[in-house]
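Here the working numbering is used: position 14 in the sequence shown is 14, and no number is missing along the way.
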Amino acid sequence: MAVLKVIEILANSDKSWEDAANNAVSEASKSVKNIRSVYINEQSATVKDGKMDNFRVNAKITFEVK
Numbered sequence: 001m002a003v004l005k006v007i008e009i010l011a012n013s014d015k016s017w018e019d020a021a022n023n024a025v026s027e028a029s030k031s032v033k034n035i036r037s038v039y040i041n042e043q044s045a046t047v048k049d050g051k052m053d054n055f056r057v058n059a060k061i062t063f064e065v066k
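Below you can see the structure in the form of structure tokens.
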């Protein structure tokens with residue numbers, strides 16, 4: 001049986017929510033090993049001049065504890 005832990009990461013991107021999610025996993029993987037999955041809990045964006053300019057995600061990242 002595997003022991004799993006979940007951490008919550010806030011990340012952003014000026015391109016897309018998908019890119020923000022990729023940034024969350026990329027940053028987490030610098031210090032966390034054995035990442036199994038990512039769950040996007042919330043999405044938001046800031047608006048500038050009538051256009052979305054900064055995409056944000058609240059990601060829950062699951063990894064195995066060894």
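Ideal Cβ positions, reconstructed from N, Cα and C, are used throughout, including at glycine. Here the structure is a predicted model, which means the values were calculated and not measured.
Exercise for the section: State the DSSP-derived secondary structure class of N23, mapped to helix, strand or coil. Expected result: It is helical.
Handout entry: C-beta atoms of A21 and V57 nearer than 8 Å
Key = yes
Problem - Reference D19; option with closest CA among K5, F55 and L4 - result: When each option's Cα is compared against that of D19, the closest is F55.
Handout entry: Neighbourhood of W17 by C-beta, 7 Å cutoff - its chain only, sequence neighbours within 5 removed
Key = Q43, F55 and V57
Exercise for the section: Give the single residue among D53, V32, K51 and K15 whose Cα lies nearest to the Cα of F63. Expected result: Closest in C-alpha terms to F63, from the list D53, V32, K51 and K15, comes V32.
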